[in-house]
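Participant:
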Amino acid sequence: MDPKERSIDKAAQEVIAHMAEAGQENIWDRLDKQLPQCGFGRQGICCRICTMGPCRVSKKAPLGVCGADADTIVARNFLRAVAAGTSAHSDHGRTVAELFLAAAKGRAKDYRIKDGEKLHRLAEELGVETKDKSDNDIAVEVGEIALAEFGKSQGTQLMARRAPAPRQEIWKKHNVVPRAIDREVVEALHRSTMGVDQDYKSLLTHASRTALADGWGGSMLATDLQDILFGTPSPGKGEVNLGVLEADEVNIIVHGHDPLMSEIIVEAASDPELIANAKAVGAKGINVAGICCTANELLVRHGVPVAGNFLCQELAIATGAVEMMAVDVQCVMQGLGKIAACYHTKLFTTAPQAKIPEVEHVPFEEENALEIAKKLVSAAIDNYKNRGDINIPSEKESGIMGFTNESIKYMLGGKFRASYRPLNDNIMNGKIRGIAAIVGCSNPKVPMDSTHIALAKELIKRDVLVLTTGCATIACAKRAMLDPKEALKLAGPGLREVCETVGMPPILACGSCVDNSRLLVAASEIVAEGGLGEDLCDLPLSGAFLESITEKATAIGQYFVASGVLVIFAEELFPYLGSENVKNYLLGGVEKDFGGRWALESDPVKAAQIMIQHIENKRDALGINDAAERKLYSMEDRQALEV
Ligand code: XCC
Ligand code: SF4
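In terms of our numbering, the sequence shown has 410 at position 410, counting the first letter as 1, and numbering is strictly consecutive.
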């Protein structure tokens, strides 16, 4: 296949072509070998949760051996995906909470509280007395409360109280206020075993509760505790794409999601002694770059460059210039071991939960983090001499990244009047039509990055402010869409005017996938600011995951839906359409319950149209599209929307 069909990114195309020449297999080749993929699996109508099966339902055999119908089977599969995604974000969150506590108690000596201000705010929110107490003492109490959120035997998620009051009422009414995160995941697995919950609506309602435990629980805790421990990001410049690898330096890649180890690897790489060691082996220095969400975490906090998103992990090694790759959890392809063996790259797994056969495992220990990190960096330095031919693509772009709820408010109002008021006003006066989230992965079934870019362009052109996270952010960065000057050229006149006035770009890069929780908090505060309705579902807001891969994306999608947001997935990447009832509920009925729903569209321009139509409908309902303006906007624009 032509590399151009695999990625729109020149750097990736170059390495893909190089790998083909060298006869090395990558993710796209493996996808080709899997084709055609199972039609039952694609619709979610196969079940293999008991040994009377596996069963796959069809017209001829519409029921599984136990009598389960397509509705039950599809709903169970959906719920299990949400539970798995929730567990991923939340196990990450729990690890952060444990480290946070260890740091506060002085056990994790290489870490210390970096954002005392945010610690105090969170303490107050959680009812922790702060008067006359040291930061560490406060952090111990906060950490214990946070850790309990995962497994407490009673009560509901404390962070969910950040949602607007009417939202919490809706959750109460439908009995989906999330309890302990572990409990929701365990109950999801229980309900979806053979012979338990066999009512699709009931299964899907529990999917909402489980997903809410992710968004307003595990993910939100991960984000807040990471901010306090590693520092709350503020907007800064970063470089992205394979061109960030340095031809004459020791290159280290950190990859995965939880930044516990990689935070310290970055620190170790700036150790003068280790830099001297690198120079002694003939390198000019040590260069750390990231991949996937670990990259996002480090970029927004420390300006560490990003080598690429999910589909770039094998390509980075195939440049021949990576001395060492340290991976933690999630989105780490087993194929890395094989490609690393073709080069000199040393690969290490560092998370106790995640090992790969034949890959050396150096587990993270909170007491000895720096020592372990130095060992890994030294292994990279020692490996520099084994480098063979290298071919690093020249492409790299820079952009501004690291927006948070705090920094957006600050940008809008300044330090003393930090507030969403200017944003709300500009949404109300129509200069900004609304807000869109572009999130999620890069999937080999879609030409890499193509939909994220096209969607972002379409939205900002129509004066919609875009917030991005995850691999979508990295995609935008690779195309200079996070470069304020470049992006502003593509923005509509209203959005451009506002962005220029307050000095913010039209696409705000908000971090990793657990940082989607930042979007929930920001949206809640926008509601609280006033003028845009009473609940999240009143906001002119929508989200899209057009290149989604993981179960985590399903969990995120469902917590946005249950929070009142319209979420768009690509139809072929949504394997739950084998039941009419499930489909009708997720794409429609759920809106009556929660005010949000799913929509399916693979074409980014059409997806933008759906999002904009939704935004305009919300504006109409809010009464902020006054007659004169509507006339100005409607004719041409709306016709264009109705393609
Ligand atoms: Fe993984 Fe987060 Fe998806 Fe990228 S965006 S492929 S989940 S790295 Ni989260
Ligand atoms: Fe088949 Fe029912 Fe067992 Fe699923 S639970 S494998 S549908 S018998």
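For glycine and all other residues, C-beta sits at the position ideal for the given N, C-alpha and C.
Got a sec? Which residues, its chain only, sit under 6 Å from residue 492 by beta carbon, not counting five neighbours each side?
Facilitator: To locate residue 492, count along the sequence shown from 1; it is residue 492. For residue 492, where only same-chain residues beyond five positions count, the Cβ hits under 6 Å are 461, 462 and 463.
Participant: DSSP three-state label for residue 203, please.
Facilitator: In the sequence shown, counting from the first residue as 1, residue 203 sits at position 203. The answer is helix: DSSP assigns residue 203 an H, G or I state.
Participant: Sorted by chain position, which residues of the same chain lie with C-beta nearer than 7 Å to residue 518's C-beta, five sequence neighbours on each side aside?
Facilitator: Translated into positions along the sequence shown, residue 518 becomes position 518. These residues qualify, in order along the chain: 223, 404, 405, 510 and 511.
Participant: Kindly indicate which residue of 40, 189, 340 and 177 has the alpha-carbon position closest to the one of residue 49.
Facilitator: For the purposes of this step, residue 49 is taken as the residue at position 49 of the sequence shown. Among 40, 189, 340 and 177, the Cα nearest to that of residue 49 is on 189.
Participant: Grouping DSSP H, G and I as helix and E and B as strand, with all else coil, what is residue 397?
Facilitator: Here residue 397 is taken as the residue at index 397 of the sequence shown, counted from 1. Strand, per DSSP.
Participant: Are the region 207-215 and the region 547-563 in contact at 8 Å, needing three or more beta carbon pairs?
Facilitator: Yes: the two stretches touch, three or more of their Cβ pairs being nearer than 8 Å.
Participant: Where in the region 303-335 do unbroken runs of the alpha helix (DSSP H), each at least 4 residues long, occur, reported from the N-terminal end onward?
Facilitator: Counting whole runs of 4 or more residues, the region 303-335 contains the alpha helix (DSSP H) stretches 313-317.
Participant: CB-CB under 7 Å to residue 604, same chain, minus the five flanking residues each way: which ones, in chain order?
Facilitator: Counting from one through the sequence shown, the residue named residue 604 turns up at place 604. Here the set comprises 451, 454, 455, 458 and 546.
Participant: Between which two residues does the beta strand (DSSP E) containing residue 255 stretch?
Facilitator: Working through the sequence shown from its first residue, we reach residue 255 at position 255. Here the beta strand (DSSP E) through residue 255 covers 250-255.
Participant: Verify whether the separation of the beta carbon atoms of residue 230 and residue 301 is less than 8 Å.
Facilitator: For the purposes of this step, residue 230 is identified with residue 230 of the sequence shown, where counting begins at 1. For the purposes of this step, residue 301 is identified with residue 301 of the sequence shown, where counting begins at 1. Yes, the pair counts as a contact, with Cβ atoms nearer than the cut-off.
Participant: Should the region 437-447 be called in touch with the region 568-582, which here means at least 3 C-beta pairs below 8 Å?
Facilitator: In short, these stretches touch, since the Cβ pair count reaches three.
Participant: Express the C-alpha separation of residue 216 and residue 433 in angstroms, rounding to a whole number.
Facilitator: Your numbering for residue 433 matches position 433 in the sequence shown. Your numbering for residue 216 matches position 216 in the sequence shown. Cα-Cα distance, rounded: 26 Å.
Participant: Is the region 399-418 in contact with the region 590-609, if contact means three or more CB pairs nearer than 8 Å?
Facilitator: Judged by Cβ distances under 8 Å, the region 399-418 makes no contact with the region 590-609, as fewer than three pairs qualify.
Participant: Under the criterion of a Cβ to heavy atom distance below 7 Å, does residue 48 qualify as lining the ligand SF4?
Facilitator: By one-based count along the sequence shown, residue 48 stands at place 48. Under cutoff, so the answer is yes.
Participant: Can you list, in chain order, the residues of its chain with a C-beta nearer than 6 Å to that of residue 17? Leave out the 5 residues immediately preceding and following it.
Facilitator: The residue given as residue 17 occupies position 17 in the sequence shown. 3, listed in sequence order.
Participant: Which runs of the beta strand (DSSP E) fall wholly inside the region 504-557 and span at least 3 residues, in chain order?
Facilitator: Segments of the beta strand (DSSP E) lying fully in the region 504-557: 507-509 and 541-545.
Participant: Can you list, in chain order, the residues of its chain whose CB lies under 6 Å from that of residue 624, leaving out five sequence neighbours each side?
Facilitator: Residue 624 sits at position 624 when you count from the first residue of the sequence shown. The answer, listed in chain order, is 428.
Participant: What did DSSP end up calling residue 134 once you bin it into helix, strand or coil?
Facilitator: Here residue 134 is taken as the residue at index 134 of the sequence shown, counted from 1. DSSP places residue 134 in coil when its eight states are reduced to three.
Participant: Helix, strand or coil: how does DSSP classify residue 1 here?
Facilitator: Taking the sequence shown and counting its residues from 1, one reaches residue 1 at position 1. It is coil, neither helix nor strand.
Participant: Determine the direct distance from the alpha carbon of residue 424 to that of residue 621, and round the result to whole angstroms.
Facilitator: As a working note, residue 621 is residue 621 in the sequence shown. As a working note, residue 424 is residue 424 in the sequence shown. Going from the Cα of residue 621 to the Cα of residue 424 covers about 16 Å.
Participant: Considering residue 125, what are the terminal residues of the alpha helix (DSSP H) in which it resides?
Facilitator: Here residue 125 is taken as the residue at index 125 of the sequence shown, counted from 1. Start and end: 116-125.
Participant: Note down the Cα distance separating residue 285 from residue 317, rounded to an integer number of angstroms.
Facilitator: Against the sequence shown, residue 285 aligns to sequence position 285. Against the sequence shown, residue 317 aligns to sequence position 317. If you take the alpha carbons of residue 285 and residue 317, they lie about 19 Å apart.
Participant: Pick from 33, 435, 151 and 398: whose alpha carbon is nearest that of residue 476?
Facilitator: Taking the sequence shown and counting its residues from 1, one reaches residue 476 at position 476. Here the closest residue by C-alpha is 398.
Participant: Which residue marks the beginning of the alpha helix (DSSP H) containing residue 82, and which one marks its end?
Facilitator: Taking the first residue of the sequence shown as position 1, residue 82 is located at position 82. Taken as a continuous stretch (DSSP letters only), the alpha helix (DSSP H) holding residue 82 covers 70-104.
Participant: Sorted by chain position, which residues of the same chain lie with C-beta nearer than 6 Å to residue 93's C-beta, five sequence neighbours on each side aside?
Facilitator: Here residue 93 refers to the residue found at position 93 of the sequence shown. 218, 221 and 222, listed in sequence order.
Participant: Residue 342: which of 414, 23 and 9 sits nearest, CA to CA?
Facilitator: Along the sequence shown, one-based indexing puts residue 342 at 342. Taking only the C-alpha atoms, the option nearest residue 342 is 23.
Participant: Buried or exposed: residue 348, going by 16 or more other Cβ atoms within 10 Å of its Cβ?
Facilitator: Taking the first residue of the sequence shown as 1, we reach residue 348 at position 348. Classification for residue 348: buried.
Participant: Closer than 7 Å: is that where the CB of residue 439 sits relative to any heavy atom of the ligand SF4?
Facilitator: Here the question's residue 439 lines up with position 439 in the sequence shown. Answer for residue 439: no, Cβ out of range of the ligand SF4.
Participant: DSSP three-state call for residue 473: helix, strand or coil?
Facilitator: Taking the sequence shown and counting its residues from 1, one reaches residue 473 at position 473. If DSSP states are grouped into helix, strand and coil, residue 473 belongs with the helices.
Participant: Determine the direct distance from the alpha carbon of residue 591 to that of residue 88, and round the result to whole angstroms.
Facilitator: For this step, residue 88 is matched to residue 88 along the sequence shown. For this step, residue 591 is matched to residue 591 along the sequence shown. Near 26 Å, if we compare the C-alpha coordinates of residue 591 and residue 88.
Participant: Only counting runs of 4 or more residues, tell me where the alpha helix (DSSP H) segments fall wholly within the region 24-50, in order along the chain.
Facilitator: 27-34 and 39-43, all fully within the region 24-50.
Participant: Does residue 162 come out as helix, strand or coil in the three-state DSSP assignment?
Facilitator: Within the sequence shown, residue 162 is the residue found at index 162, counting from 1. Looking at residue 162 - three-state DSSP - the assignment turns out to be helix.
Participant: At a cut of 8 Å, does the region 233-250 reach the region 471-487 through at least three beta carbon pairs?
Facilitator: Yes: at least three Cβ pairs fall under 8 Å.
Participant: Taking its Cβ as the centre, do 16 or more other Cβ atoms sit within 10 Å of residue 1, making it buried, or is it exposed?
Facilitator: For the purposes of this step, residue 1 is taken as the residue at position 1 of the sequence shown. Under this definition residue 1 is an exposed residue.
Participant: Please report the straight-line C-alpha distance between residue 55 and residue 44, rounded to a whole angstrom.
Facilitator: Along the sequence shown, one-based indexing puts residue 55 at 55. Along the sequence shown, one-based indexing puts residue 44 at 44. The straight-line gap from Cα to Cα measures roughly 11 Å.
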